[in-house]
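Numbering (our numbering), first residue to last: -9 to 286. Idealized CB from N, CA, C, for every residue including glycine. Written out below as C-alpha cells is the structure these notes cover.
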Amino acid sequence: MDYRGYRVETGENSVIVYGVRDFNPVHTFECGQCFRWIRQDDGSYNGVAGSRAVNVSWDGERLVIYNADIDDFINFWFEYFDLGTDYSLIKKAVAKDDVMRTAVEHGYGIRILKQDIWEVMISFIISINNRIPAIARIVEAVSRMYGRAVFMDDTAFYTFPDAHSLATASLEELKVCRGGFRCRYMQKTAEAICSGEISLGELARLETNTARQELMKLPGVGPKVADCILLYSGTSTDVFPTDVWVKRVMEELYFKRKASFREIQDFSRKYFGDLRGYAQQYLFYYAREHKIGAGS
DNA sequence: TTGCAGGGGTCAA
DNA sequence: TTGACCCCTGCA
C-alpha cells in the first residue's frame, strides 16, 4: 500500500518501507538525541520506544522495522521517524556556508526523532555532567527497575517507566540505577509532572520561549536540558541546545575566539532562524566525530 | 595496581 | 561567578 508518499509492505513479522530519503540509522541513532537504540553485529539497531521493542535495519533502499506491522507504522513509527518532514529542504536551508555544508554532508542521514517528551525529559536530566555510555546505562537500569517487559521474539525489553513509578519510588531505591545526584532531580521532576504542576500536554501549545521557561521550573532542568527536551520531543525546532561541544565547535569554526553562551545563542537565532535545532544537530554530530576542540 | 582529575549541567551561595 | 555533586573513565 501507499502511505503519504511511501510504499509500505508487510514482511516476516515486520513492516518494510520504501522511499525513505535522508536517512541513515547510524547518524540518526548515534547523534546524541536518544539512548535506547543499540547497534547489533549486523549493523541493525534494537530499540524500545513507547510500548514497542523493534529492530530497525536499512540497506539504502528499504527501511525494515521488525516486530511491527503496518498499523504500527502508520500510528507510531511514521511520526517517530519524522517521515512527514522533507529533510532535503532543511539541509538546503541550513547548509549556507562551508562549515555547514561539511557538517550536513557528514551527518546526511540524521533525522530528529519525535520521542516521548517525558522520556526525553528524564533522559536529559540523566545526561547532566555525564557521558553517553553512562547515560544509556542509567536509562536502561531505570527501565528495568520500573518499566514493563515487552517482547521481541523471546527476548524481554523494558519500556521507559511512567512518571508515577518514578515519583513513588524511594530515593534510596532509585539510586540503585547509579544515577547519583541526578536521582533526586528525576524524582522531584516526576512528582511535579504527576501532580500536574507542569502539564506536558500544554507545552506543545506554548510559544517556544514560554515552554522553555516552564520546563526550567523543574528541578534538574536548566537552559541546555530544556532545549534538548523541546527539540528531541519534536515540540520545537527553534532552539539551539548549547553544551560544551557545540560551544567549542561554534568558537572554532565561526567565532574564531572564545564566545559566551549568550553570544552563541544570539548568533544561532539570527543565522539559522527557526531551523536552528536541525543546524545544531548536524554541527554537534560533526564536532563529536571529528573531536573539534577536544584538545582545548 | 592504585590514585586522581574531570566530564555533553544545574543549583545554591 | 564558583564549587559541589555521584559515578565512571582515562591516564599516570
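Query, Result
"Is it true that the segment 130 to 143 meets the segment 196 to 206, where meeting means three or more beta-carbon pairs spaced less than 8 angstroms apart?", "no"
"So what's R52 in DSSP terms, helix, strand or just coil?", "strand"
"Suppose the cutoff is 6 angstroms on Cβ atoms and the five residues either side in sequence are ignored; what does the same chain contact list for K(-4) look like?", "This sequence places Tyr at residue -4; Lys is not what is there. If we look at Y(-4) and ignore the five residues flanking it on each side, its Cβ neighbours are V7 and G9."
"Using the Cβ count rule (16 or more neighbours within 10 Å means buried), how would you classify Q203?", "exposed"
"Answer with buried or exposed for I112, where buried requires no fewer than 16 other C-beta atoms within 10 angstroms of its C-beta.", "buried"
"Mapping the DSSP letters down to three states, classify E253 as helix, strand or coil.", "helix"
"My assumption, with CB atoms under 8 angstroms, is that F274 sits in contact with V129. Please give the rounded CB distance.", "Not a contact, Cβ separation roughly 19 angstroms."
"Would you mind reading off the limits of the beta strand (DSSP E) that contains N199?", "First-last for N199: T198 to L205, but that is the alpha helix (DSSP H), not the beta strand (DSSP E)."
"Between the alpha carbons of I115 and R172, how many angstroms are there, rounded?", "7 angstroms"
"Around the Cβ of K248, are there at least 16 other Cβ atoms within 10 angstroms (buried) or fewer (exposed)?", "exposed"
"Grab the span of the alpha helix (DSSP H) containing M111 for me, first residue to last.", "I107 to I116"
"Check A277 in the structure and name its three-state DSSP category.", "helix"
"How big is the Cα-Cα spacing for A180 and G40?", "17 angstroms"
"Count the CB pairs spanning the segment 55 to 71 and the segment 83 to 91 that are closer than 8 angstroms, and state whether there are at least three.", "no"
"Compute the beta-carbon to beta-carbon distance between M176 and L205, rounded to the nearest angstrom, for a pair I have assumed lies under 8 angstroms.", "Their Cβ separation, rounded to whole angstroms, is 15 angstroms, which puts M176 and L205 out of contact at 8 angstroms."
"Taking only the alpha-carbon atoms, compute the straight-line gap between A159 and S189 and give it to the nearest angstrom.", "21 angstroms"
"With distances taken from CA atoms, which of T145, N14 and D152 is nearest I100?", "N14"
"Does the beta-carbon of R252 have 16 or more other beta-carbons within 10 angstroms, so that it is buried, or is it exposed?", "exposed"
"Distance check for D76 and G224, CA to CA, integer angstroms please.", "15 angstroms"
"Grab the span of the beta strand (DSSP E) containing W235 for me, first residue to last.", "Element bounds for W235: not the beta strand (DSSP E) but the alpha helix (DSSP H), V234 to M240."
"DSSP state of T179, grouped into three classes?", "helix"
"On a CA-only basis, which of S133, E187 and I282 is nearest V236? Give me that one, please.", "I282"
"What is the residue span of the alpha helix (DSSP H) that A85 lies within?", "Unbroken run through A85: none, as it is neither H nor E."
"Under DSSP, the beta strand (DSSP E) around T158 begins and ends at which residues?", "Careful: T158 lies outside any beta strand (DSSP E), inside the alpha helix (DSSP H) at A153 to T158."
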